[in-house]
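4 protein chains.
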Amino acid sequence: MTQPTDKRSAILQATLELISENGFHGTPTSMIAERAGVGVGTIYRYFKDKEELIHALYEEMEGKQKIYVLEGYSEEMPFRERFVHLCRNVYRYLMANRLEFCFLEQYFDSPYGVTKMKQKLESASEPFHSLVESGKKQQVIKDIPLILLYSLIFGPIINSIKDHNSGLLELNETLIEQVIGAMWDAIKR
Amino acid sequence: MTQPTDKRSAILQATLELISENGFHGTPTSMIAERAGVGVGTIYRYFKDKEELIHALYEEMEGKQKIYVLEGYSEEMPFRERFVHLCRNVYRYLMANRLEFCFLEQYFDSPYGVTKMKQKLESASEPFHSLVESGKKQQVIKDIPLILLYSLIFGPIINSIKDHNSGLLELNETLIEQVIGAMWDAIKR
Amino acid sequence: MTQPTDKRSAILQATLELISENGFHGTPTSMIAERAGVGVGTIYRYFKDKEELIHALYEEMEGKQKIYVLEGYSEEMPFRERFVHLCRNVYRYLMANRLEFCFLEQYFDSPYGVTKMKQKLESASEPFHSLVESGKKQQVIKDIPLILLYSLIFGPIINSIKDHNSGLLELNETLIEQVIGAMWDAIKR
Amino acid sequence: MTQPTDKRSAILQATLELISENGFHGTPTSMIAERAGVGVGTIYRYFKDKEELIHALYEEMEGKQKIYVLEGYSEEMPFRERFVHLCRNVYRYLMANRLEFCFLEQYFDSPYGVTKMKQKLESASEPFHSLVESGKKQQVIKDIPLILLYSLIFGPIINSIKDHNSGLLELNETLIEQVIGAMWDAIKR
DNA sequence: AATGAATGAGCTTTCATTCAT
DNA sequence: CATGAATGAAAGCTCATTCAT
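In order, the protein sequence lines correspond to chains A, B, C and D.
The numbering of the first sequence is my numbering, which starts it at 1 and goes up by one.
The numbering of the second sequence is my numbering, which starts it at 1001 and goes up by one.
The numbering of the third sequence is my numbering, which starts it at 2001 and goes up by one.
The numbering of the fourth sequence is my numbering, which starts it at 3001 and goes up by one.
This is the structure in structure tokens:
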């Protein structure tokens, strides 16, 4: 008993896989259709455009993330612990969902890609937002513009995962803890 | 009396400009030829491929950098000052050469792009290499794998410049000093 | 209690409307189905083809016309009056049924369209046929082949209505009388 | 020694032939390229669009016509003779250039086609314009709006040629003279 | 009988690459 | 050496038609 969503999600999944493998411009709609096991025309029943398909794929990810990032998180914990907890979850999420990570890198040709990725993480991370802002007020965290603090956090995270994915480095729990510790040193007063 | 190199570098310059404006896939060879003031066919006298042209452009950039990054640098200075000095130079270089920065972002659709960009900076930065390694030995810098330290340094630098270029942020000397200070806190013991 | 014919005529009506608005090639079957309030598949229950649908629509129109054209007409009237009466009715009919007129213009991209339109009017107009033939016999009407006389009559009528529909001209009773008068001068001895 | 215009005119000629055979929508660019003996891409070197190609073809015709229509014409001749002369030339032109006639019928899906065709004839026929206007002033021609007079003239001409082309009628000099005579009767006082 | 999701052939258009001049 | 007209493979997208429900 196939559900109505079947084809739609097959298309989204195929797109995710292929774009993370070959990039946006290396992924023709015909290839997506083939991988998804549907006809080309079918793509256009569910998405107006190739572009809309990409956006839809992106939106699809938003939800999953917050859940992941917030898992086990509580605003009651001390600052450092809150920070470490959120960062760990971000690492867990991005490493467990390698395809999504690669896709996000490609999202929109890349110039926007990484910027959007950060926005995404930010938006997914109101927890980060409130953590950092209240940390600044309580003089636990440096008085640096929010967006720069994000660069200090997500820059290293994303870069290290890229290195991990490209095999230059094998991230394990110890190393992740070290990076997170260093990032805390970077932002704390 | 135009030299044969003239055309070659005109092509490279045109490519740099156009790719940083429109991205790799938004830049047809015909457009490059036009901007460079040469015939389309001429591109293929100097480069086998569009791909090879891109690679050549990339290679072309190495070298210029080291000079920039090392300007006014001396191994005699204290650790922190050496670090700050190198970082300042990197910022200066990347912000003064916006086209090159944009190009590197696009370099091969990005999955490799940013990683390569980091490699590039690393290779341009044996100074960083020796600084960090000797800093580790003298227990001034945290005992973290080199590549992760690079993520802690170049991740934030690249990210903040992206934000700057995209208008999300206006980097000035004060802000740059703040970021560099934070990065030092991240890597120092 | 909807009858089976309901759907068939809903489809025909939708087709008439849409083709006169957007032309044959601007009217996908899906659009017809939507306007008709039926499923796309349903169209193919009643018509083998899109083409057959068009033809059927065309055929459907025959018949309605004769009634219109013959209204108030009598063979007892004098020649000129009979001619004027028929022409007036043709004008009335074509102007009152703008959709049908537009459809006929489009009917098969036009090369056949207008010719068929004339045939249609002719066939609908045995009254014209007998009027003209007996007029020729009685030397009231010029001795010109029937088909050319039709060109002299329907050519101006169709053209002037096109101009009217496209807004180049606003036909009113006076103008119509003038045209009919001129056409009578053209064909009378 | 092939001239630079070669391919351009081959494409225009192929387009003329194919559209008059199959209509605008029945003529894919690939078919045009094949008939013209060029690659598909070549079409787009000379014309931005399929649409622009059509327009270019249309423009191409303008010039030829005036020459044809005005041949042997002089404003010194008496009214009736001037009218007959122009009409004869129009017939000659449209019958000698059957492809162009068919093309014009199709020009833009047809609803505009015939209207544009008339505009074209009108514009090509400032001679008609001045003939008719001065005829009206001198009370030789009926006081009917210009556009209606055009319908009385071009309506029958176009219709009769269509019948001729479709084989319903064989136009010869005698018949043409009869039609022209009748049209004169229609418009003269 | 009625449906509409699924299909894929076919359309227009772009662009990296070649090659005769 | 340099050129740019010519090319055609390949892209994104549409839509008449089918068929399982």
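A virtual CB, placed ideally from N, CA and C, is assigned to each residue, including glycine.
Please confirm whether residue i has its beta-carbon closer than 8 Å to some beta-carbon of chain D.
i: lysine 2142 (chain C); result: yes
i: histidine 2129 (chain C); result: no
i: aspartate 2049 (chain C); result: no
i: serine 2151 (chain C); result: yes
i: leucine 2016 (chain C); result: no
To which residues of the same chain is residue i closer than 8 Å at the C-beta, ignoring the five residues directly before and after it?
i: asparagine 89 (chain A); result: Tyr68, Val69, Leu70, Glu71, Gly72, Tyr73
i: methionine 77 (chain A); result: His85
i: isoleucine 1054 (chain B); result: Thr1015, Ile1019, Phe1024, Tyr1107, Phe1108
i: leucine 2149 (chain C); result: Val2132, Ile2141, Lys2142, Ile2187
Can you look up residue i in the DSSP assignment and give me helix, strand or coil?
i: isoleucine 43 (chain A); result: helix
i: isoleucine 1054 (chain B); result: helix
i: isoleucine 2144 (chain C); result: coil
i: lysine 3188 (chain D); result: strand
i: methionine 1077 (chain B); result: coil
i: glycine 1181 (chain B); result: helix
i: aspartate 2028 (chain C); result: In the sequence under discussion, the amino acid at residue 2028 (chain C) is proline, which differs from the aspartate named in the question. Looking at proline 2028 (chain C) - three-state DSSP - the assignment turns out to be coil, as it is neither helix nor strand.
i: proline 3111 (chain D); result: Unreliable positioning characterises proline 3111 (chain D) in this predicted model, as indicated by a pLDDT of 48, which lies under 50. A coordinate reading is not provided.
i: valine 3132 (chain D); result: helix
i: aspartate 3049 (chain D); result: coil
i: glutamate 2126 (chain C); result: helix
i: glutamine 3065 (chain D); result: helix
i: asparagine 3097 (chain D); result: coil
i: glutamine 3138 (chain D); result: coil
i: asparagine 2172 (chain C); result: coil
i: glutamate 2071 (chain C); result: coil
i: serine 1020 (chain B); result: helix
Suppose the cutoff is 7 Å on Cβ atoms and the five residues either side in sequence are ignored; what does the same chain contact list for residue i look like?
i: valine 179 (chain A); result: Pro156, Ser160
i: threonine 2029 (chain C); result: Val2040, Ile2043, Lys2050
i: proline 1145 (chain B); result: none
i: leucine 3018 (chain D); result: Thr3027, Met3031, Ile3032, Arg3035
i: arginine 80 (chain A); result: Trp184
i: glycine 2037 (chain C); result: Ala2010
i: lysine 136 (chain A); result: Asp143
Using a Cβ-Cβ distance under 8 Å, would residue i count as near chain B?
i: valine 40 (chain A); result: no
i: proline 78 (chain A); result: no
i: proline 111 (chain A); result: With a pLDDT of only 48 at proline 111 (chain A), under the threshold of 50, the placement of this residue in the model should not be trusted; the figure read from the coordinates follows. Chain B, which has a Cβ nearer than 8 Å to the Cβ of proline 111 (chain A), makes this yes.
Residue i touches chain B at which residues, Cβ-Cβ below 8 Å?
i: asparagine 97 (chain A); result: Here the premise fails: no neighbours, minimum Cβ distance about 15 Å.
Contact criterion: CB-CB distance below 8 Å. Does residue i meet it with respect to chain C?
i: glycine 3135 (chain D); result: no
i: isoleucine 3067 (chain D); result: no
Would residue i be called buried (16 or more neighbouring beta carbons within 10 Å of its own) or exposed?
i: aspartate 163 (chain A); result: buried
i: glutamate 3170 (chain D); result: exposed
i: glutamine 2138 (chain C); result: exposed
i: threonine 2174 (chain C); result: exposed
i: glutamate 3100 (chain D); result: buried
i: glutamate 1105 (chain B); result: buried
i: lysine 2048 (chain C); result: exposed
i: asparagine 3172 (chain D); result: exposed
i: serine 130 (chain A); result: exposed
i: leucine 1168 (chain B); result: exposed
i: arginine 82 (chain A); result: buried
i: arginine 8 (chain A); result: buried
i: alanine 1182 (chain B); result: buried
Could you list which residues in chain A have their beta carbon closer than 7 Å to that of residue i, in chain order?
i: leucine 1086 (chain B); result: Neighbours of leucine 1086 (chain B) on chain A: none; closest Cβ ~17 Å, over 7 Å.
I'd like the list of long-range same chain contacts for residue i, defined as Cβ closer than 6 Å, with 5 residues on each side in sequence excluded.
i: tyrosine 1112 (chain B); result: The predicted model places tyrosine 1112 (chain B) with a pLDDT of 44, which falls under 50 and marks its position as unreliable; any figure quoted below should be read in that light. Taken in chain order, the list of residues that qualify is empty.
i: threonine 1002 (chain B); result: Because threonine 1002 (chain B) sits at a pLDDT of 49, beneath the cut-off of 50, its placement in the model cannot be relied upon, and the following sentence gives the value as read from the coordinates. Within the same chain, threonine 1002 (chain B) has no close Cβ partners at all.
Along chain D, which residues have their Cβ under 9 Å away from the Cβ of residue i?
i: proline 2145 (chain C); result: Leu3169, Leu3175, Gln3178
i: isoleucine 2158 (chain C); result: Val3114, Ser3151, Gly3155, Asn3159
Which residues in chain B sit within 7 Å of residue i, going by Cβ to Cβ distance?
i: methionine 183 (chain A); result: Ala1186
Looking at residue i and the ligand FMN, is the gap between the Cβ and the nearest heavy atom below 7 Å?
i: threonine 3029 (chain D); result: Absent from the structure shown: the ligand FMN. Ligands present: none.
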